[in-house]
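Residue numbers for the sequence shown follow full-length UniProt numbering, beginning at 1 and rising by one.
Written out below as structure tokens is the structure these notes cover.
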Amino acid sequence: MQPNDVKALLESRIENCDFYIQGEGCNFQVIAVGDVFQGLGPVKRQQLIYGALSEEIASGALHAVSIKTYTPAQWQQAPENSQA
Numbered sequence: 001m002q003p004n005d006v007k008a009l010l011e012s013r014i015e016n017c018d019f020y021i022q023g024e025g026c027n028f029q030v031i032a033v034g035d036v037f038q039g040l041g042p043v044k045r046q047q048l049i050y051g052a053l054s055e056e057i058a059s060g061a062l063h064a065v066s067i068k069t070y071t072p073a074q075w076q077q078a079p080e081n082s083q084a
């Protein structure tokens, strides 16, 4: 699996969210930015992403996924955001 594959899966399953994916094979780092995370705690945010990738994780197509989630306002201050 390639980063673009993971991005396409997430974009088709979670609306109004931007995804930045790094990694290769079955190990990926996911950064997700969207209003969908507003009002959700860290665990619920992670569950939203894991839920969208549950088939691929269960099949072994994805093995290790690290996730960081932000609202658009949080993303403006995030160290991963090269425009911050």
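Each residue gets a CB set at the ideal place from its N, CA and C atoms; glycine is no exception.
Fair warning: this is a prediction, and the values are worked out from it, not measured in the lab.
In this structure, the beta-carbon distance from Thr-69 to Asp-35 does not fall below 8 Å. In this model, Asp-18 and Ala-32 are separated by some 6 Å (Cα to Cα).
Take the alpha-carbon of Trp-75 and the one of Val-30: they are about 14 Å apart.
DSSP places Ser-66 in the strand class (E or B) of the three-state scheme. An exposed status is given to Val-43, since fewer than 16 other beta-carbon atoms sit within 10 Å of its beta-carbon.
Boundaries of the alpha helix (DSSP H) around Asp-5: 3-13.
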